[in-house]
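A short worksheet on the structure shown next.
Protein chains in written order, with my numbering: chain A, 1271 to 1519; chain B, 1271 to 1519.
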């Protein structure tokens, strides 16, 4: 399997998940479905996961997904978040996405393809060697001053000098917003991000020229495709990341 | 002029602003237009304001607007934010709104009608005696525990015990999200909110059963329709606001 196969599969998944999510009225999306591998599963989470797995299970893939853990057999590993931003999707707030990351092993270091699909706008982000949004190459912004930053932060616990701070509710999508330069950084060092939430987005962000590290400045390459894995993520452009790390230490 | 007139006028303004904003491609919205009464005016701000004023100036109204200050003559005062969430509108992030508040004097205390229009979804919020979303009565949520809250906070400067914290970028719309129970509180005590940003939303929120105070627990009734006015806003349901005030003091 190469990145072209991964893109084709991802697009089929996106089509399937989009149709599935939109088939459920907003008022029904939040209904309790059951207890999954990561806690409470809402109806819309399960419907989205089923729609994604319908496509992915046809392939020789080991798929790690939020609600059901590992399924499938194969040499290529996939971290799947069928619906990142369930809170928004349930309330009709139009910020939620699908995220996929393909890797040659259980390690994020061996990832070779990232894919994030904006389920509200239809925008598609992906990266193998370079990062794209809807077929156009994207790159991170180039700001150098903290006071000018449009930042995404979960959650500030002290005053921060940024121009603007947002938390929109879909880490997969927000990391892509940084990748395309709409925002200047993404910081979540609560120790709560799961691998499937951000593997796709941070792969895209790195290929868009960004730096992705933990709060100590370490690479996330050692992170594994496991339900129990937790990540701290600091991402921005190469001029800024040291300043950001100093700020949050 | 009564609240029925205000609703009719507001709806005409919404139609006009929606058409005007959507006529500008996202890539053009952020172009520099000039320096207005509140600082830099972007093209989309000016286009939205012109579209709103085209309607409002036909009426006998004193209109306070972000870009041009006071215009028009009349006994009824209107605080207008033609586009709340410019940052989002310019980037294609689908969270921005139009906000209007009608008052019998320059004081927020004499307001008699609030109107917020979601320019992305078309959802309409308004209140005179009661609060409505798309003709259905809305009321604030009823949570009592801080740990369960879905909170909107600009910006946390210490650890907060809430379940979830968001900052979506349109105060007018976010106060309405609290009014309809999608979120449990809205806190912005940076001293930066302007009267036209939130007058419409907080009027709706109060009529939906919420409490709106400043960070000391004081009513905002003494706030005036003036460009120089700044507000601190803490809003939530009646069971929670004392706990919130204790938390942020």
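Think of the CB as a built atom: it goes at the ideal place given N, C-alpha and C, for glycine as much as any other residue.
- Among the residues of chain A, none has a CB under 8 Å from the CB of residue 1339 of chain B; the nearest is roughly 25 Å distant.
- The straight-line gap separating the alpha-carbon atoms of residue 1484 of chain A and residue 1465 of chain A is approximately 13 Å.
- Contact with chain B is found for residue 1452 of chain A, since one of that chain's Cβ atoms lies less than 7 Å from the residue's Cβ.
- The Cβ atoms of residue 1505 of chain A and residue 1468 of chain A do not sit closer than 7 Å to each other.
- Under the Cβ distance rule, residue 1436 of chain A counts among the residues neighbouring chain B, one pair being separated by less than 7 Å.
- At a C-beta separation below 7 Å, residue 1390 of chain B has these neighbours in chain A: 1364.
- Contact of residue 1377 of chain A with chain B is not assigned, every C-beta pair being separated by 7 Å or more.
- Listed in chain order, the non-local C-beta contacts of residue 1476 of chain B below 7 Å within the same chain comprise 1482, local neighbours out to five positions each way being set aside.
- Annotation for residue 1439 of chain B: no alpha helix (DSSP H) segment contains it, and DSSP assigns it neither H nor E.
- Nothing from the segment 1393-1412 of chain B brings a Cβ to less than 8 Å from some Cβ of chain A.
- Taking every protein chain shown into account, the CB of residue 1312 of chain B has 16 or more other CB atoms within 10 angstroms, so this residue is buried.
- Across the structure, residue 1384 of chain B and residue 1407 of chain B are spaced so that their CA atoms are roughly 14 Å apart.
- Proximity of the segment 1429-1442 of chain A to the segment 1507-1516 of chain A falls short of the contact definition, fewer than three beta-carbon pairs being nearer than 8 Å.
- Any Cβ of chain A closer than 7 Å to the Cβ of residue 1358 of chain B would place that residue at the interface, and such an atom is absent.
- Contact check for residue 1445 of chain B against residue 1411 of chain B fails: the beta carbons are separated by 7 Å or more.
- Within the segment 1319-1366 of chain B, the complete alpha helix (DSSP H) segments at least 4 residues long are 1356-1361, listed from N- to C-terminus.
- Listed by position along chain B, the residues whose Cβ is nearer than 9 Å to that of residue 1507 of chain A form an empty set, because the closest Cβ is around 17 Å away.
- When the beta-carbon positions are compared, residue 1321 of chain A and residue 1348 of chain A stay at least 7 Å from each other.
- Counting only Cβ-Cβ distances below 7 Å, residue 1429 of chain A has contacts in chain B at 1427, in chain order.
- Between residue 1335 of chain A and residue 1350 of chain A, the C-beta spacing is below 7 Å.
- In this structure, the straight-line span from the alpha carbon of residue 1276 of chain B to that of residue 1370 of chain B is close to 9 Å.
- Close partners of residue 1361 of chain B in chain A (Cβ separation under 7 Å): 1452.
- Within the same chain, and ignoring the five residues on either side of residue 1296 of chain B in sequence, the residues whose Cβ sits closer than 6 Å to its Cβ are 1362.
- Residue 1413 of chain A and residue 1398 of chain B have their C-alpha atoms some 45 Å from each other.
- When secondary structure is reduced to three states using DSSP, residue 1306 of chain B falls in the strand class.
- Annotation: Cβ neighbours of residue 1439 of chain A in chain B (cutoff 9 Å, chain order): 1434, 1436 and 1438.
- The alpha-carbon of residue 1355 of chain B is positioned some 27 Å away from that of residue 1487 of chain B.
- Using a Cβ distance threshold of 7 Å, residue 1394 of chain A and residue 1387 of chain A count as a contacting pair.
- The beta strand (DSSP E) runs of length 3 or more contained entirely in the segment 1368-1414 of chain A are, from start to end of the chain, 1381-1388, 1394-1397 and 1401-1403.
- By the criterion of a C-beta distance shorter than 7 Å, residue 1426 of chain A is surrounded in its chain by 1435, once the five residues flanking it on both sides are discounted.
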